[in-house]
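In the working numbering, the protein residues as written are 1 to 459.
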Ligand SMILES: [Zn+2]
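Following this line, the structure appears as C-alpha cells:
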C-alpha cells in the first residue's frame, strides 16, 4: 500500500476523519458564497458544525449543469492566482466541463494515483506504459503524476500511434500498462501481430484500465490477450480524475474508493434517495479535501453499487462495483431498461466473438430496434461465412443452415432475450467492421435516425 495508515485505517477512525473533513468542506463552501452556499443557507445550514455523516443524504446535491453554468471559473473557491492547472472533459453538446487544481490538489491527485498503481503491484522499480491520452482529459497526466509520485518510471506514450507503442513495449519491457480497456484490446491485437504474446515477449504483469464501463467478460479477454491481471480504475475530472477508486491485485473484485478524501454515496437515480449497499445506484461524491473546486454531493451519472467489509489486501476502504453504465446511456426499449455493458456481458460470454462491438439503435421507424453488431474473433475468422452470399433480407430470422448468416446470431439473440428480457437483432460481421478508436473512449452506442447505416453490412 502506498499510504497504509489511510488505506487500512479502522472504519470508526475513518468515520471521525470524514466527519471533520465534511464539516470543514461545508464551512469552506459557505465562506465561498457560491451556488452551493446559497443552497446550504436555504436548507438552514449556518456552519459545518450543524451536520453529521448521517445528515449527508439530506444535503443539497451538485450537478454537471452547475459547472456548465459557472463556466469557466465561477465555482472556484480560491483566488485564480492559486490555480496551477485545469483539466476537463469535452462533455455533451460541445460545452466543456472545466475543473481547476491548486498545487495541493495536484499533490493529492498524484498520491491517489500512486495508491492505485501500488494496489496493482507497481513499485519504485516498475516501468509504467501510460497509453491514456495526455491533455485536458485527466487519464494521461493523472497516471503520469501517480507513477512519478511512486518513484516508478513512466513512459508517457499517450494514445494512438499503435506501431510505436508496440516497439516501446518490446524494447522497454514495462510491467504495468495503463489505458482504456478498448485500447488494451487494440494494443493486444497489434502486439500479437508483431509476435509478442503472453509467455513470448510480453512482460506486463498488471494493467489499470478505466475511463469506460467494461464487463468481467472484457476483463477475461484482456487478460488472455496480454497475459496480465486486468484491474479497473475509476475517476472523473469533476472529482479529481483517475484515482478516485481502484482495484487491488489481491481481490480484483471491486474498486476501493479513497473515501478518506472522496465521500461516496449511491442513490436512486430517479428519486435521489439512498440505496442500500449491494444495490446499484448513481454514485455521488463529496470532495472533502479539494481546494480549487470543492464539490458537495456531486452526482456523477455513473451507476454502480457499494460494498463494505474486509478485503484480503488489508484495505478497509469501501468498494464500488464496476460501473455498469451511465445514467444518460441507459437504453429504454419497450419498457426494458438496459445499459450497454449488460449487453456486452452477454455477447462476450460467447468465445467466438471479438470484444469490439457496437449497439445501433435503429430509430428510423416509430418503434426503435436495437441491433447488436459484433464480429468473429480473428482466430474464428479463418472460416468466415461465404463472402458472396450477401446480406439476408431485412428482418428475416435466418435458419442456421443459411450460409450467408453465421449460426451464432439466433443463439445470441435468444440469450439476450433470456438474460436481459430484450428483443435485440444480432449481426455478426466480418473482422474489422466495427470501428475502433485509438484515442479516447470507445463508442458503444450510435443512433440511426436516417441515411445510410452507421456501419457497413446493416440493412
Ligand atoms: Zn482489496
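Note that beta-carbon positions come from the ideal geometry of N, C-alpha and C, so glycine has one too.
Keep in mind that this is a model prediction, so the values were computed, not measured.
Here DSSP, grouped into helix, strand and coil, assigns residue 345 to helix. Exclusion of residue 179 from the 7 Å shell around ligand 1 follows from its C-beta lying no nearer than that to any non-hydrogen atom of the ligand. Residue 116 has its CB no nearer than 7 Å to any heavy atom of ligand 1. Residue 250 has its Cβ nearer than 7 Å to a heavy atom of ligand 1. Nearest to residue 454 by C-alpha distance, out of 442, 435 and 210, is 435.
Cα atoms of residue 209 and residue 44: separation of roughly 43 Å, rounded to the nearest angstrom. Rounded to whole angstroms, the separation of the alpha carbons of residue 178 and residue 441 is 14 Å. By the 16-neighbour rule on beta-carbons within 10 angstroms, residue 297 is buried.
The continuous stretches of alpha helix (DSSP H) do not include residue 261, and DSSP gives it neither H nor E. Judged by pairs of C-beta atoms under 8 Å, the region 109-118 does not touch the region 58-72, as fewer than three such pairs exist. Not one heavy atom of ligand 1 sits closer than 7 Å to the Cβ of residue 354. Of all alpha-carbon atoms in 227, 142 and 216, the one lying nearest the alpha-carbon of residue 343 is that of 216. For residue 3, same chain residues with a beta-carbon under 7 Å away, outside a window of 5 residues either side, are 111 and 115 in chain order. Looking at the DSSP output, residue 168 shares a beta bridge with no other residue. Cβ-Cβ distances below 6 Å link residue 166 to 190, 191 and 194 in the same chain, with the five nearest sequence neighbours on each side left out; the list follows chain order. Bounds of any alpha helix (DSSP H) do not take in residue 356; it lies within the beta strand (DSSP E) bounded by 353-362. With fewer than 16 neighbouring CB atoms inside 10 Å of its own CB, residue 123 falls in the exposed class. At least one heavy atom of ligand 1 lies closer than 7 Å to the C-beta of residue 315.
The shortest CA-to-CA distance from residue 118 to any of 175, 136, 324 and 288 is the one to 175. For residue 311, the distance from the CB to the nearest heavy atom of ligand 1 is below 7 Å. Note on the region 220-258: whole beta strand (DSSP E) runs with a minimum of 3 residues are 229-236, 241-247 and 255-257, in chain order. With a cut-off of 7 Å, the C-beta of residue 256 is classified as near ligand 1, since at least one heavy atom of the ligand falls inside that distance.
The straight-line gap separating the alpha-carbon atoms of residue 459 and residue 28 is approximately 57 Å.
Following the DSSP letters along the chain, one finds residue 61 in no alpha helix (DSSP H), marked with neither H nor E. The beta carbon of residue 53 sits closer than 7 Å to the beta carbons of 15, 18, 19 and 22 from its chain, once the five residues preceding and following it are set aside; these are given in chain order. Its chain contains 23 as the residues whose beta carbon lies nearer than 7 Å to that of residue 49, once the 5 sequence neighbours on both sides are disregarded; these appear in chain order.
Under the DSSP assignment, residue 127 falls outside any alpha helix (DSSP H), being part of the beta strand (DSSP E) whose first and last residues are 127-130. For residue 448, the three-state secondary structure derived from DSSP is strand.
Residue 51 counts as buried, since no fewer than 16 other beta carbons sit within 10 angstroms of its beta carbon. According to the DSSP assignment, residue 425 belongs to the beta strand (DSSP E) that extends over 424-429.
Under the three-state reduction of DSSP output, residue 313 falls in the coil class, being neither helix nor strand. DSSP, reduced to helix, strand and coil, places residue 201 within a strand of the structure shown.
The shortest C-alpha to C-alpha distance from residue 146 to any of 233, 222, 62 and 100 is the one to 233.
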